[in-house]
Amino acid sequence: MMSSEIFPPGWLQHLLVVLLKLTLSCASPVKVANGTACTARGPASYILVFTGRWSPQTFPKQYPLFRPPAQWSKLVAVTHNDQYRLWQEGALSSPGVQHFAELGVTMELVKGAKEARKMKAVSSMYRTAGIPSGIGHSSTELVLHPRSPLLSLMVKVIPSPDWFVGVDSLNLCEGGQWKQEVTFDLHPFDAGTDSGFTFSSPNFPTTPPENITMITSQKPNHPANSFYYPRLPELPPLATIWLKRQTRLPVRQHNHQPHEQTPLDCEVSLWSSWGLCIGPCSRGGLRHRTRYILLKPANSGSPCPELEEQAECTPHNCLAQQ
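Residue numbers are given in UniProt numbering: position 100 of the sequence shown equals residue 100, and the series is strictly consecutive.
See the structure below:
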């Protein structure tokens, strides 16, 4: 048996103090990304407005005019705490980010957010309609809670290999106060899963995948790149986000007779060809196809249908086993 003379006097009391400190640190409040717990009383409601600023005047190089023209995918937004990341600059893309950045498909992103919600890392997920041109707006109302005060979002650049704009873990709570208004610019990011240089590049998978990086006026440093403007110190904003806290619920108008307006129905393109199978071929695997908005509805016209579709793989569209 080990002699007690090996340990200095009072060692047992010192050990108990250390264990007590460790226990208290583990029980401390959940921290958010900036290292400060949100102590606001109750949730906060925000209006989020995404504004596309992708014009042929601001970005004249290879500006997409057709097949398809410049436009924006649906916006995907998630409210969460610091235990979840929708995407992160300098990290590899998740399968959900890859499918969204390359195809505009949200299925994997939704699946990941639902799993994180079970662990109480995600509060809610929101989506808005796509924008059928490079310049335009989309908006939604968000509700954030003190335990999930962070906002992340993504919008795919269409057309592009795997480019998107987005926000990573924006904290809308400062101490005990919700921010009243936030505005900031968005610049393009490369998801690191496709090696195309131009908006209309064919699919060239990046093997192995690279980390998510910001696209700048000189990076990638290649004249074929659609965002390569070597004379500019930085790219103009490709889009902006505006967030405004709502002080009260919107007032509904009753007995209001609007002026007669002609409804304009949504128009969409034909479906793209089916993509490759994702998952086990003919055993639960899925393939996808997409279409894009040609004409946005107005004046209570018919809304746009789904822009993505999935189907189970069948033996005739599976690659033969080698």
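For every residue, glycine included, the Cβ atom is placed at its ideal position computed from N, Cα and C. Just so we're clear, the structure is a prediction, and the values are computed from it rather than from any experiment.
{"Query": "Counting C-beta neighbours from all protein chains within 10 Å, is the total for T79 16 or more, i.e. buried, or is it exposed?", "Result": "buried"}
{"Query": "Would you kindly report the start and end of the unbroken beta strand (DSSP E) that includes H288?", "Result": "286 to 290"}
{"Query": "In whole angstroms, what separates the C-alpha of Q57 from that of P146?", "Result": "42 Å"}
{"Query": "Specify the secondary structure class of residue 344 as computed by DSSP and reduced to three states.", "Result": "Only positions 1 to 322 of the chain appear in this structure, which leaves residue 344 out of reach."}
{"Query": "Between W87, P132, S217, which has its C-alpha nearest N211's C-alpha?", "Result": "W87"}
{"Query": "So, is M125 buried or exposed, given that buried needs 16 or more other C-beta atoms within 10 angstroms?", "Result": "buried"}
{"Query": "Let me check one thing: in DSSP terms, what residues is F50 bridge-paired to?", "Result": "S138, I241"}
{"Query": "What residue range is occupied by the uninterrupted beta strand (DSSP E) comprising E312?", "Result": "308 to 312"}
{"Query": "From Y84, N299, L295, L294, pick the residue whose C-alpha is nearest to that of P263; which is it?", "Result": "N299"}
{"Query": "Among the residues of its own chain, which have a CB less than 7 Å from the CB of P209, if the five just before and after it don't count?", "Result": "L92, S93, G192, T193"}
{"Query": "Which residues share a DSSP beta bridge with P205?", "Result": "D194"}
{"Query": "Could you have a look at E102 and say whether DSSP puts it in helix, strand or coil?", "Result": "helix"}
{"Query": "Along the chain, where does the beta strand (DSSP E) containing W87 start, and where does it finish?", "Result": "Counting along the chain, W87 falls outside any beta strand (DSSP E), and DSSP gives it neither H nor E."}
{"Query": "So which of S45, D265, P297 has the shortest CA-CA distance to T140?", "Result": "S45"}
{"Query": "Going along the chain, which residues of its own chain have a beta-carbon closer than 6 Å to the beta-carbon of L65, five neighbours each way excluded?", "Result": "none"}
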